[in-house]
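With the numbering used here, the residue at position 101 of the sequence shown is 341, and numbering never jumps.
All C-beta atoms, glycine included, are put in the ideal place defined by N, C-alpha and C.
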Amino acid sequence: MSDSELATTSLEDVEEALKDVIDPELGVNVVDLGLLYGLKYAEDGALLIDMTLTTAACPLTDVLEEQTAQALDGVVDEWRLNWVWMPPWGPDKITDDGRDQMRALGFNI
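Pasting the structure below:
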């Protein structure tokens, strides 16, 4: 892809790519877990990602940042991850697909 194509990657395509980012503790992707709070492009063309964690004490931010970098490689030129804590994450944010994935992994949800 050329630089201009990368800069115009749709947010839907970005969200689809972020489904490859798997929460290491729960085994479900961050999109279906409801951890992805927002996507938008900044004026400089960088993708801004608002993401949260199941708990602010989660020690796995580095793992999720590395997975995000891998998932977005070739999808967008530049991105920035903003960890957001408000509103706090809760199980109500899990998508129906996420619930199905968690049930398949043995979670009672």
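Contacting residues, own chain, Cβ-Cβ under 7 angstroms from residue i (five flanking each side not counted)
i	result
THR249	VAL315, VAL316
ASP332	none
Alpha carbon of residue i to alpha carbon of residue j, nearest angstrom
i	j	result
ASP302	ALA344	26 angstroms
PRO286	LEU293	Strictly speaking, residue 286 in this sequence is Ala, with Pro absent from that position. Spanning the two alpha carbons is a distance of roughly 22 angstroms.
PRO264	GLU318	24 angstroms
LEU266	ASP313	24 angstroms
Local Cβ density within 10 Å of residue i, reported as buried at 16 or more and exposed below that
i	result
ASP337	exposed
MET326	exposed
8 angstroms contact criterion, which residue i and residue j should meet: CB distance rounded
i	j	result
LEU258	THR335	Wrong, their Cβ atoms sit about 13 angstroms apart, outside the cutoff.
LEU321	GLU305	6 angstroms
LEU273	ILE289	Rounded, the Cβ-Cβ distance is 14 angstroms, inconsistent with contact.
Cβ shell of residue i (< 8 angstroms), same chain only, five flanking positions each side left out
i	result
PHE347	LEU266
Counting only runs of 3+ residues fully inside the region 247-317, write out the beta strand (DSSP E) ranges in chain order. Every beta strand (DSSP E) stretch that sits fully inside the region 247-317 and reaches 3 residues is listed by chain position as 276-281, 287-291.
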